[in-house]
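Chains as they are written, first to last, in the working numbering: chain A, 6 to 375; chain B, 6 to 375. Idealized CB from N, CA, C, for every residue including glycine. Notes for the one structure printed next.
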């Protein structure tokens, strides 16, 4: 009896251990069923971008975002980042995310202007808001909600992820002293900026980044805009034209976007959604900060060269271009109710932002130091 | 024999189940030993802040940061946030984090000027960089590394977490037409701004936020600075003084800081460290954006009132204060080698940032629109 009792007791003990041990793994299963997704699963996602392979700051920023997401999720979501053309052509990024060919994309909303004209307000518009105003509008002024609504029919969820800051006005092979000097000028300048430039009598040309330097150097074009001191210096544009104009009235702070396929997004557990959301916000400030740091360093190097003339567009040219921008935006809005709706939301915020900027950032920066 | 064999077999089976079941939980233990910390552990941390309970944007931002960290970590790190005075007095935040009384703090580096004078460069200095330049310096210009080095002897790890943006110049009970009008003026203005104000002949007064309104209303002081339109409106300062001056030369974009006790930080697994790091970066841009959005809304409301005179300090007053700031910083640097070292690193970056800002943000904002 003693032996049988011992065996019974041992059996019972082992049974308890087995049951307790098995159920000890239970909380994760409970958590899974609670969120309706498999929180233990490792997600292998693809991101395609609109940037050339290894493109500094922008492609690098998309890759840093992927690394940060991996680190935060302890490897539960691994995003493989492909530059433009590596998996699909750069300008098919939006479609690839929309169709679910890939889960994620990185680019800027004005690239899809042909398909979604009103998307341009979520990247940048001529004489529009700088990064500070754009972030305030997107994160706290209803901008992001509107952006999500605009992309919803395409099954795409957008997030701000990076910003170029105020760009430069571009490289010209002659001085620009009045709007008359823009007459017939062939300039690589895309999007709404190009439309305004055409209204001013210029001849906007569409060229891929890879063709810009050669076209300018061979006088196929008379002028080109690119980004800012750092990227412009790397492209060697100072060797092809001497007049480097500022400010970049056509792109006062281009918002870069993360796009996520809606179905892929919905498949994620809540913690991974939170990780992606805040990693995008984090990379938004990191990328802008890196642009600023690299631009201020490159500008100092450019200032040391005698063969680059860094010049401001004359006030009259800027004022006239600003007036033509208002006309252009009003024309687009008249022709397209969707464009009009986003334009009005953007404008309502921009006007308040302008009034505040006038007595804060603008007024502060205007102080004359010795 | 059959029965004994069955029991033996059953015993063996249960033993195998028990062992397999127990070791099935093993991978997490393996992961634990790999990182040298318990990655399964739930961390219950405390954060103390320098803000009053419920203080909009700032205390709220610290609380949102804690919520985001909880969501990203799926509840593995829970941070309970205490406002100033709830657990310890507001201005003991740094010491509490340093001593490990709490794991985290939120405030701004200039509050510890008495203990670490050079820390002021990591919050804001008069006529210094705006948030854009500060973020570029901290994240990509070596600023954060220097900040970590400065806090290292105190066992505190700092992170930028939030920014007020360019502040307002303050409320005055009379017009300021020249530096002479500052003579003998009693103004609530703390820190380096207060020292510069004293050099200009003013009488800086130290007052806690809770005392500011009453002191101004009862003419115990003649003027006070606070934050910006949104917080100033909430405090009702327009009922106590009519002249509302801009820009906030003394605080052109105050960086808020997350501080983490070094030992607590070292105890975290890598994924939670990544989550805290990027949640702080995320909240950095979110809080600044919320400040902007609330300020531009409040300014519009203030503009609608006839009893508030929103005025710019005269150019001459600003230029003279800027010159006195240079003198003040040079004096502090002469007296304190540590202050000098951080001042020089800050200045080297600021000068390049100024040159870039002049042709980007400043030049762009100066465009005259119709």
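Residue i - DSSP class collapsed to helix/strand/coil
i                      : result
residue 79 of chain B  : coil
residue 102 of chain A : helix
residue 40 of chain A  : Because residue 40 of chain A carries a pLDDT of 42, less than 50, the predicted location of this residue cannot be relied on, and no value is offered for it.
residue 129 of chain B : coil
residue 364 of chain B : helix
residue 112 of chain B : strand
residue 4 of chain B   : Only positions 6 to 375 of chain B appear in the structure, and residue 4 of chain B is not among them; the question remains open.
residue 220 of chain B : helix
residue 120 of chain A : coil
residue 357 of chain B : helix
residue 88 of chain B  : coil
residue 374 of chain A : coil
residue 74 of chain A  : helix
residue 9 of chain A   : The pLDDT assigned to residue 9 of chain A is 47, lower than 50, so where the model puts this residue is not dependable; a value taken from the coordinates is nonetheless given after this. Correct three-state label for residue 9 of chain A: helix.
residue 228 of chain B : strand
beta-carbon residue i near the ligand NAD non-hydrogen atom, thresh 6 Å
i                      : result
residue 106 of chain B : By its list of ligands, the structure shown contains no ligand whatsoever, and the ligand NAD lies outside what it can speak to.
Under 8 Å from the C-beta of residue i: neighbouring residues of chain A
i                      : result
residue 132 of chain B : 372 and 374
residue 309 of chain B : Chain A residues near residue 309 of chain B: none, gap ~12 Å exceeds 8 Å.
residue 280 of chain B : 77 and 280
residue 317 of chain B : 364 and 368
residue 324 of chain B : 372, 373, 374 and 375
residue 377 of chain B : It is not possible to answer for residue 377 of chain B, since the shown part of chain B is limited to 6 through 375.
residue 360 of chain B : 301, 304, 305 and 308
residue 404 of chain B : This structure does not reach residue 404 of chain B, given that chain B is present from 6 up to 375, and the question cannot be answered.
residue 235 of chain B : Those within 8 Å of residue 235 of chain B in chain A number zero; the least Cβ separation is about 10 Å.
Same chain, Cβ closer than 6 Å to residue i, neighbours up to 5 away in sequence not counted
i                      : result
residue 102 of chain B : 110, 161, 264 and 266
residue 172 of chain A : 232, 233, 253 and 256
residue 221 of chain B : 229, 245 and 246
residue 296 of chain A : 62, 169 and 170
residue 152 of chain B : 127 and 163
residue 357 of chain B : none
residue 114 of chain A : 124, 127, 128 and 262
residue 351 of chain A : 126
Close Cβ partners of residue i (< 8 Å) along its chain, the five nearest in sequence each way excluded
i                      : result
residue 98 of chain B  : 53, 54, 55, 89, 110, 111, 112, 116 and 264
residue 386 of chain A : Outside the displayed span of chain A (6 to 375) sits residue 386 of chain A, for which this structure offers no information.
residue 91 of chain A  : 53 and 58
Sub-7 Å separation of residue i and residue j beta-carbons
i                      : j                      : result
residue 85 of chain A  : residue 75 of chain A  : no
residue 292 of chain A : residue 279 of chain B : no
residue 330 of chain B : residue 131 of chain B : yes
residue 174 of chain A : residue 243 of chain A : no
residue 165 of chain A : residue 260 of chain A : yes
residue 272 of chain B : residue 144 of chain A : no
residue 288 of chain B : residue 80 of chain B  : no
residue 126 of chain B : residue 347 of chain B : yes
residue 304 of chain A : residue 361 of chain B : yes
residue 146 of chain A : residue 298 of chain B : yes
residue 283 of chain A : residue 335 of chain B : no
residue 286 of chain B : residue 290 of chain A : yes
Partner residues on chain A for residue i, Cβ-Cβ distance less than 7 Å
i                      : result
residue 248 of chain B : By Cβ distance, chain A contributes nothing, its closest Cβ being about 14 Å from residue 248 of chain B, past 7 Å.
residue 171 of chain B : 365, 366 and 369
residue 283 of chain B : 73, 77, 283, 284 and 287
residue 257 of chain B : 369
residue 273 of chain B : Near residue 273 of chain B there are no residues of chain A at all, since even the closest Cβ is about 12 Å away, more than 7 Å.
residue 46 of chain B  : The contacting residues do not exist; residue 46 of chain B stays about 14 Å from chain A at best.
Sequence-distant residues of the same chain with beta carbon closer than 7 Å to residue i, five excluded per side
i                      : result
residue 363 of chain B : none
residue 133 of chain A : 257 and 355
residue 121 of chain B : 155
residue 5 of chain A   : An answer regarding residue 5 of chain A cannot be provided, because it is not within the stretch 6 to 375 covered by chain A.
residue 95 of chain A  : 55 and 89
Neighbour list for residue i in chain B, Cβ cutoff strictly below 7 Å
i                      : result
residue 145 of chain A : 294, 295 and 298
residue 290 of chain A : 140, 286, 289 and 290
residue 3 of chain A   : Residue 3 of chain A is absent from the model: chain A starts at 6 and stops at 375.
Partner residues on chain A for residue i, Cβ-Cβ distance less than 9 Å
i                      : result
residue 327 of chain B : 372, 373, 374 and 375
Neighbour list for residue i in chain B, Cβ cutoff strictly below 9 Å
i                      : result
residue 254 of chain A : 369 and 372
Amino acids of chain B, ordered along the chain, whose beta-carbon sits closer than 8 Å to that of residue i
i                      : result
residue 357 of chain A : 301, 302, 304 and 305
Problem set entry | Secondary structure, beta strand (DSSP E): runs of 3+ residues fully inside the segment 249-273 of chain A | 260-266
Exercise. What runs of the beta strand (DSSP E), each 3 residues or longer, lie entirely inside the segment 265-349 of chain B?
Worked result: DSSP assignment within the segment 265-349 of chain B yields the following whole beta strand (DSSP E) runs of 3 residues or more, N-terminal first: 314-317.
Exercise. Of all the residues that make up the segment 102-136 of chain B, which are near chain C by a beta-carbon distance shorter than 9 Å?
Worked result: Of the protein chains in this structure, namely A and B, none is chain C.
Problem set entry | Contained alpha helix (DSSP H) runs [length at least 4] in the segment 144-209 of chain A, N- to C-terminal order | The segment 144-209 of chain A contains these whole alpha helix (DSSP H) runs: 148-156 and 196-204.
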